[in-house]
Amino acid sequence: MVQGVVIQDGCIINTNPATGEIISRVPTTPLSEIDGIVQKAQKAQLEWSDLPIHDRIECLRKGLANLANEDTHSSIAKLMVQEMGKPLQEAQDEMEDAFDKDDYLDLLEKSLQSETHGKCVIVRQALGVVVVIPPWNYPVAEILLLALPALGSGNTVIVKPSEVTPECGARTVAALRSALPNWNILQLCQGDGTVGAELVKHPHVDMIAMTGSSNTGRYIVEQAAKTNMKRLVLELGGKDPMIVFGDADLEKAAHDGVKYSLENTGQVCCSTERIYVEESVRSKFETLILKEASEYKVGNGLLPDVKVGPLVSPLQRDRVSSHVTKAIEQGAKVLHQSDIPTGDENAKGNFYPVTVLTDVTQSMDISKEETFGPVVCLSTFDGSEEKAIMLANDTPYGLAGSVYSKDTKKARRVANRIKAGQIGINCYCVENLDVHSPWVGHKSSGFGSHSGIEGFHQFSIPKTLVYTPDDDDNNDA
């Protein structure tokens with residue numbers, strides 16, 4: 000069992016977290032077949048990488064157009080709600096973001112062009128076979144963020160979706176696969192961590208691209224070193240801070256603090272998990288937070304007025320409940336706790352109330368460990384930049400964060416000293432990310448990067464062709 004998912008008689012028992020009902024039984028990939036899948040990927044890679052860069056990118060555009068088909072788009076969004084629980088509007092937003100990638104693909108194509116410097120031509124070559132292991136919380140978007148640059152760079156790809164969202168993974172792969180010239184350029188393996196481990200350890204897999212927990216990331220790093228020194232892109236956990244100075248736009252900060260603590264039921268690697276507000280405005284800010292939090296209704300994500308769906312599994316619900324209970328025992332105070340659905344039809348749902356805690360201290364587990372649930376955690380600080388920076392950095396993680404102050408120079412000073420890959424200044428960083436921006440985890444939040452030219456380059460390797468001074472053919476490289 001992983002996240003409450005049962006593998007029985009060679010099948011994933013795919014269960015709805017809002018109802019407990021079985022959606023489907025998805026056959027897992029036998030371990031005995033994995034070597035053959037990798038061999039097929041190796042063989043197809045030579046043909047795929049020989050295609051001109053522009054032709055490969057056009058194939059990817061056609062694949063995304065398949066995802067954009069209205070029937071496909073709406074059916075996968077509904078399936079996403081059923082498999083992992085997010086509200087339907089958030090699932091629809093994920094689908095729209097998934098296929099709206101013209102600028103992204105333009106930049107990917109640009110990033111792969113050769114460069115000429117004197118008599119040297121720098122080209123980018125594919126790595127070979129890339130295994131993509133996406134998470135369950137963004138089961139379509141994360142496949143694309145890792146598979147598109149891998150495929151565009153000339154690699155073949157094997158996707159192992161999360162066992163929580165096997166059908167979403169399969170549908171996404173099928174849409175892309177139908178636009179490719181060879182069926183083996185993009186393949187699918189279903190299963191739990193045993194299937195993932197077999198792929199990670201395979202000596203002819205050249206790269207692993209994974210989004211998931213820091214513990215899983217450490218395991219992958221160890222296995223990559225033991226086999227063939229695989230290239231890695233790992234986006235891992237986070238415990239993201241939000242700093243609110245007394246001179247901030249408190250209404251906006253409160254709105255963003257609640258929204259990005261609760262989005263996707265708080266099950267986001269870059270969720271706002273720690274809010275530090277200047278003591279002088281504590282009372283006003285708490286009032287604004289309560290107003291925002293009271294507007295979030297918990298329930299089945301298919302219902303139109305629901306903003307917070309169930310947690311993905313009973314294990315995750317129990318983890319969140321444990322964090323909150325222990326924090327209260329250690330001195331945190333509950334400012335707000337919403338209702339959750341009742342009645343027989345909801346008895347098996349993994350619902351947890353929207354919870355706002357204050358007086359949260361650094362010594363509490365809820366300040367140290369990734370909670371991944373619908374909890375808004377409030378702490379105070381003395382208003383100094385040094386204290387804000389110290390609190391923000393008091394974590395092994397370094398994925399993202401935000402700083403709110405009308406003094407943008409002060410906000411930037413603080414942001415520059417927070418050890419994290421993305422920092423929003425008076426905004427949540429994901430809201431305004433440009434297509435050129437790499438997504439990076441500092442410290443235990445990642446290894447390598449994806450997105451932007453720097454991230455795209457992780458999926459290929461440079462090679463320099465060096466010509467003699469009297470050779471004029473280097474322009475044809």
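Numbering (numbering that gives the first Met the number 0), first residue to last: 0 to 476.
The beta carbon of each residue, even a glycine, is placed where N, CA and C say it ideally should be.
As the structure is a prediction and not an experimental result, all values here were calculated from the model.
Exercise for review: Ignore the nearest five residues each way along the sequence and tell me which others in proline 352's own chain have a CB closer than 8 Å to its CB.
Suggested key: Translated into positions along the sequence shown, residue 352 becomes position 353. So the qualifying residues of the chain are Val297, Gln336, Ser337, Asp338, Ile339 and Pro373.
Check your understanding: With 16 as the cutoff for other CB atoms within 10 Å, does arginine 24 come out buried or exposed?
Key -> Position 25 of the sequence shown, counted from the start, is the residue given in the question as residue 24. Burial call: exposed.
Exercise for review: Return the residue from the list Gln222, Tyr403, Leu144 and Asp70 that minimises the CA-CA distance to aspartate 205.
Suggested key: Within the sequence shown, residue 205 is the residue found at index 206, counting from 1. When only C-alpha atoms are compared, the closest one is Gln222.
Review point. Okay, do the region 241-256 and the region 206-226 touch, 3+ Cβ pairs below 8 Å being the bar?
Key: no
Check your understanding: Count the other CB atoms within 10 Å of the CB of serine 152; is the residue buried (16 or more) or exposed (fewer)?
Key -> Numbered from its first residue, the sequence shown carries residue 152 at position 153. When all chains shown are included, serine 152 counts as buried.
Point to revise | Buried versus exposed call for methionine 0 [16 or more other C-beta atoms within 10 Å across all chains shown] | key: Against the sequence shown, residue 0 aligns to sequence position 1. With a pLDDT of 48 at methionine 0, under the threshold of 50, the predicted position of this residue should be treated as unreliable, and no value is reported.
Point to revise | Separation of arginine 55 from alanine 476, as counted between CA atoms | key: On the sequence shown, position 477 is the one that residue 476 refers to. On the sequence shown, position 56 is the one that residue 55 refers to. With a pLDDT of 48 at alanine 476, under the threshold of 50, the modelled position of this residue cannot be trusted, and the question is left open.
**Study point:** Three CB pairs or more closer than 8 Å across the region 111-129 and the region 0-17
**Key:** no
Exercise for review: Kindly indicate which three-state DSSP category histidine 456 falls into: helix, strand or coil?
Suggested key: Residue numbering aside, residue 456 sits at position 457 when the sequence shown is read from its first letter. If DSSP states are grouped into helix, strand and coil, histidine 456 belongs with the helices.
Review point. From glycine 216 to valine 199, what does the alpha carbon distance come to, in whole angstroms?
Key: Mapped onto the sequence shown, residue 216 falls at position 217. Mapped onto the sequence shown, residue 199 falls at position 200. Approximately 11 Å, taken between the alpha carbons.
Exercise for review: Quick one: grab the DSSP three-state call for glutamate 20.
Suggested key: Here residue 20 refers to the residue found at position 21 of the sequence shown. The answer is coil: DSSP assigns glutamate 20 none of H, G, I, E or B.
Exercise for review: Starting from the Cα of glutamate 344, find the closest Cα among Val80, Cys10, Val220 and Pro16 and give me that residue.
Suggested key: For the purposes of this step, residue 344 is identified with residue 345 of the sequence shown, where counting begins at 1. Checked all of Val80, Cys10, Val220 and Pro16; the closest Cα to glutamate 344 is Pro16.
**Study point:** histidine 441, DSSP secondary structure in three states
**Key:** On the sequence shown, residue 441 is found 442 positions in, with the first residue counted as 1. Histidine 441: strand per DSSP, three-state reduction.
Practice item. Tell whether a beta-carbon distance below 8 Å holds between valine 402 and valine 413. Key: Locating residue 402 in the sequence shown gives position 403, counting from the first residue. Locating residue 413 in the sequence shown gives position 414, counting from the first residue. Yes, they are a contact pair.
Check your understanding: For leucine 301, which residues from the same chain have a beta carbon less than 6 Å from its beta carbon, with the 5 sequence-adjacent residues on both sides left out?
Key -> Locating residue 301 in the sequence shown gives position 302, where the first residue counts as 1. Hits under 6 Å: Val80 and Leu87.
Review point. In this structure, does DSSP put tyrosine 137 in helix, strand or coil?
Key: In the sequence shown, counting from the first residue as 1, residue 137 sits at position 138. Coil.
Point to revise | Straight-line Cα distance separating tyrosine 137 from leucine 235 | key: Within the sequence shown, numbered from 1, the residue matching residue 235 stands at position 236. Within the sequence shown, numbered from 1, the residue matching residue 137 stands at position 138. Straight-line Cα distance between these residues: approximately 14 Å.
Check your understanding: Is the region 303-316 close to the region 255-268, with three or more CB pairs under 8 Å?
Key -> yes
Review point. Identify the residues that DSSP records as bridge partners of leucine 356: which are they?
Key: Reading the sequence shown from its first residue, position 357 is the one you call residue 356. Leucine 356 is bridged to Val333 and Cys376.
Check your understanding: In terms of residues, what are the limits of the beta strand (DSSP E) holding glutamine 186?
Key -> Taking the first residue of the sequence shown as 1, we reach residue 186 at position 187. Where glutamine 186 is concerned, the enclosing beta strand (DSSP E) stretches over 185-187.
Check your understanding: Starting from aspartate 239 and walking both ways along the alpha helix (DSSP H), at which residues does that stretch end?
Key -> By 1-based counting over the sequence shown, the position of residue 239 is 240. Careful: aspartate 239 lies outside any alpha helix (DSSP H), inside the beta strand (DSSP E) at 239-243.
Exercise for review: Rank Val120, Cys426, Ala43 and Val158 by C-alpha distance to the C-alpha of proline 468 and give the top, closest one.
Suggested key: Stepping through the sequence shown from its first residue, residue 468 is reached at position 469. Looking at the Cα atoms, Val120 is the closest of the given residues.
Check your understanding: DSSP on valine 80, reduced to helix/strand/coil?
Key -> On the sequence shown, residue 80 is found 81 positions in, with the first residue counted as 1. Valine 80 falls in the helix class under three-state DSSP.
Exercise for review: Can you tell me which of Pro180, Arg123, Leu106 and Phe98 puts its alpha carbon nearest to the alpha carbon of methionine 464?
Suggested key: Taking the sequence shown and counting its residues from 1, one reaches residue 464 at position 465. Rather than methionine, the amino acid found at residue 464 in this sequence is leucine. Minimum Cα distance to leucine 464 is reached at Arg123.
Practice item. Indicate the three-state DSSP secondary structure (helix, strand or coil) for isoleucine 288 in the structure shown. Key: Along the sequence shown, read from residue 1 onward, the residue named residue 288 stands at position 289. Reduced to three states, the DSSP call for isoleucine 288 is helix.
Review point. Looking only at C-alpha atoms, which of Ala178, Ile22, His254 and Cys188 sits nearest to lysine 39?
Key: Mapped onto the sequence shown, residue 39 falls at position 40. Selected option, being the one with the closest Cα: Cys188.
**Study point:** Local Cβ density within 10 Å of glycine 35, reported as buried at 16 or more and exposed below that
**Key:** By one-based count along the sequence shown, residue 35 stands at place 36. Answer is exposed; the Cβ neighbour count stays below 16.
Check your understanding: Who are the near neighbours of serine 443 in its chain, counting only those whose CB is closer than 6 Å to its CB and skipping five residues on each side?
Key -> Locating residue 443 in the sequence shown gives position 444, where the first residue counts as 1. Closer than 6 Å at the Cβ level, and outside the excluded window around serine 443, lie Ser213, Pro395 and Tyr396.
**Study point:** From Phe284, Leu59, Leu150 and Phe371, residue whose alpha carbon lies closest to that of glycine 477
**Key:** Because the chain spans 0 through 476 in this model, residue 477 falls outside it and cannot be assessed.
Point to revise | Of the residues Ala146, Met83 and Glu95, the one placed nearest glutamine 457, counting alpha carbons only | key: On the sequence shown, position 458 is the one that residue 457 refers to. When each option's Cα is compared against that of glutamine 457, the closest is Ala146.
Review point. Would DSSP call lysine 296 helix, strand or coil?
Key: Residue 296 sits at position 297 when you count from the first residue of the sequence shown. Reduced to three states, the DSSP call for lysine 296 is coil.
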